[in-house]
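Protein chains: 2
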Amino acid sequence: MAAINQPTLAELVRESRHRLELSQTKFAAKLGVSFQSVNRWENGRTNPLPIALKRIEHLLRQMGDTGKDLLVKYFSE
Amino acid sequence: MAAINQPTLAELVRESRHRLELSQTKFAAKLGVSFQSVNRWENGRTNPLPIALKRIEHLLRQMGDTGKDLLVKYFSE
DNA sequence: CGGTTGATATAGCAGCTGGTATATGCTGGT
DNA sequence: ACCAGCATATACCAGCTGCTATATCAACCG
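Those protein sequences? They're chains A and B, same order as listed.
Residue 886 in our numbering is what sits at position 36 of the first sequence, and the numbering runs on without skipping anything.
Residue 852 in our numbering is what sits at position 2 of the second sequence, and the numbering runs on without skipping anything.
What follows is the structure, given as structure tokens:
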């Protein structure tokens, strides 16, 4: 946990989603949130709640090497 | 997913937590939410967001037989 | 060309969340 | 008896969420 919080939570979300090759709608479904939440995160309008960050971290872990650098960059600690 | 939503989400939360023998604070930490959220859920003041329900379902699945009946009762579908 | 479909962006609003703070009761220790 | 610690309950408020709805744009297709 403990993702960096500035200035790039938006990047984390968008990049994670792109690496999974999912639309905002499908990524949202995978996380268990609404598509609007993902959209707002990516456009910097709101920040993900901690439980959502935890899910994103979990997805990155499941991706193996594909998600490793993002894990290090945003969840190191 | 698709937990029943009435009249007993509060019971689901409290019962799940009790079976894990955790305080509200520790259960909250396990879920990735604040202790206040768990407290509000158990006292019927608010309902868990979908992503939180998903986490609760996940915990119940990890509990094996201990959580089986709750899964059936609240997450059947 | 016009129509449809999928993906994205944005708004408004009721309801939920986390942080901070206060209060109660209970247990264990001095 | 006093008190520190823990678990619980509740309040307030800024920020986030889901829902419903609208709008734009690109790709496809008849």
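Quick reminder that beta carbons are idealized off the backbone N, C-alpha and C, glycines included.
Should residue i and residue j be called a contact, given that it needs their Cβ atoms to be closer than 9 Å?
i              : j              : result
S866 (chain B) : L899 (chain B) : no
E907 (chain B) : A860 (chain B) : no
S887 (chain B) : A902 (chain B) : yes
Y924 (chain A) : L872 (chain A) : no
L910 (chain B) : K880 (chain B) : no
Quick one, which of the options has its alpha-carbon nearest residue i's?
i              : options                           : result
G882 (chain B) : B:R905, B:L910, B:E871 and B:G917 : B:R905
P869 (chain A) : A:K923, A:V922, A:M913 and A:Y924 : Residue identity check: residue 869 (chain A) is Arg in the sequence provided, not Pro. Nearest C-alpha to R869 (chain A): A:M913.
Q890 (chain B) : B:G917, B:K918, B:K923 and B:R864 : According to the sequence displayed, residue 890 (chain B) carries Arg and not Gln. R890 (chain B) has its Cα closest to that of B:R864, out of B:G917, B:K918, B:K923 and B:R864.
T858 (chain B) : B:K918, B:R895, B:L909 and B:L910 : B:R895
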